[in-house]
Each structure stands twice: as C-alpha cells, then as structure tokens.
Amino acid sequence: MGAMGIEMALARTISALVLGTSAGLIIQMLVSHQGRLTYLCPVTDPSTSDGKGYSCGKEMSRQGLPSQLRRFGHEFTHLGVFVGKYLIFAVVIAAIVEVMVPGRWIVQVLGYRHWYSVVLAVLLGVPFYVCGGGTIPVIMVLLRLGMDKGAALAFFIAGPATKFSTVLTLRTALGNRLLLFYLMLTFGGAVLFGFIFGAIR
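If you're matching positions, the sequence shown starts at 1102 in the working numbering and goes up one per residue.
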C-alpha cells in the first residue's frame, strides 16, 4: 500500500482494524449465543493429550535443519510462482488500461464526482480481486486516470474479504446465516469507509 501513499496505507490499516475487530466480536457473541462452532481442524486438549501437536489433522513432528531448509525452499518457490504470475498479469493489464482506456471513461464511471463510484468499486472488488500485490498496478493506473481514492479503498476492503476461499472457509465454520451477516458488514463497511476517505482525501 505504500506505493499509493501514506494516506491510503493508513486508511486501509484503520478500516481493516475497525471492520475486522467489529466483525470478529459480533460474530463471536452470536456464535456463543447459538452454541454452534465448527472446527476446521482437529483440536487437541493439552491437558489430556500425549503432548503431540496437530494441525489440520496432521501430526507436527520435529524436523532437522536440512528438512526445514528444503521445506522453506519448496514453499518459497511455490509462493513465488503463485504471486509472480498474478503480478506479471496485473502489470500487463495495467499497461493495456493506461494505453487503451480513455481517462474520461474512468472519471465517468469511478470518478469522485459520482456517488455511485464507491458502490461500483465494491461490486467490482468481488469478482476481480485475486491477489493484493497483483491488483496494485491496475488500481494505480486507474487512480492516475481519475479513479476516486475512496473507490480504490472500497475495492481493497471488499476484494480480499470476499475471495472465494475466504467465503468458503467462513461458510464451513459459521454457516450461511452468519456468513450473510459477515458479507453485509463487509459491503456496508467498505462503502462507508470509501465515502469517508473520498470526502476527506
């Protein structure tokens, strides 16, 4: 987020803290009231277990340094390829947008003069947000072409919170009703913070 300035970085951090804490506390109270909780991984009570740790059903054994280094290299390569392909794709898309898309189109659709720009950015964040690092080049180009900063913030709030993997995990753990509440809070918070940031930028 530093690439977009300290204001965007602070706004993104504050909005994440406020919305994340609020959603977590409210859902915790609702889950406690309903008495329903689905564990995604087996949980072992330390007081009754044999001292072994478990993570998603797999026993965590002590590994030597060579094994740890091999695992580190494997994970580093895997994550590097995963993030790199999206980053390269995003840079290509950003270049195409900057060259091919007239700035007046961006201003008309996502510009600060239109109240619906923030709402539209939230809706666009659901299907088009894939990877944070890969999204930044595209949003930077859109900002240069006239995108409202509040709309950009709303996109960055709604996008990662509504990724398919996130939604699927929450549905498994919380159920449909609490998932719906989470999505409503996410969309509402993204719009609210987007409007506020756009007004005071």
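We put the CB at the ideal spot given by N, CA and C, even for glycine.
Nothing here was measured: the structure is a model prediction, and the numbers come from that model.
Boundaries cannot be given for Tyr1230, as no alpha helix (DSSP H) includes it and DSSP labels it neither H nor E.
Using a Cβ-Cβ distance cut-off of 8 Å, the segment 1197-1204 and the segment 1271-1284 are not in contact, since fewer than three pairs of beta carbons, one from each stretch, lie closer than that value. If you draw a 10 Å sphere on the C-beta of Pro1238, you find 16 or more other C-beta atoms in it, and that means buried. According to the DSSP assignment, Tyr1283 belongs to the alpha helix (DSSP H) that extends over 1277-1301.
In this chain, the alpha helix (DSSP H) harbouring Met1201 covers 1166-1201. Of Leu1286, Leu1280, Ala1255, Leu1126, the smallest CA-CA separation from Ala1112 is found for Ala1255. In the three-state reduction of the DSSP assignment, Gly1247 falls in the coil class. Contact between the segment 1117-1127 and the segment 1283-1294 is present: 3 or more CB-CB pairs across the two stretches fall below 8 Å. Out of Phe1177, Tyr1283, Gly1235, Arg1214, the CA that lies nearest to the CA of Tyr1187 is found in Gly1235. The three-state reading of DSSP puts Arg1214 in coil, since its state is none of H, G, I, E or B.
Using a 10 angstroms sphere on the CB of Ser1116, the tally of other CB atoms reaches 16 or more, which defines it as buried. Val1223 and Ile1258 have their C-alpha atoms roughly 8 Å apart. Shown here, Thr1263 sits in coil according to DSSP, grouped into three states, outside any helix or strand. Your pair Ala1252 and Ser1218 checks out as a contact, with CB atoms roughly 4 Å apart and the cut at 8 Å.
Look at Gly1106 here: in three-state DSSP terms it is coil, with no helix or strand label. Arg1214 and Leu1286 have their C-alpha atoms spaced approximately 25 Å apart. Taking C-beta separations shorter than 6 Å and ignoring five residues to either side along the sequence, the partners of Gly1260 in its chain run Gly1226, Tyr1230, following chain order. Leaving aside the five residues that flank Leu1120 on each side, the residues in its chain whose CB is nearer than 6 Å to its CB run, in chain order, Gly1290.
With at least 16 other beta carbons inside 10 angstroms of its own, Phe1296 counts as buried.
Straight through space, the alpha carbons of Pro1228 and Lys1264 are spaced by roughly 8 Å.
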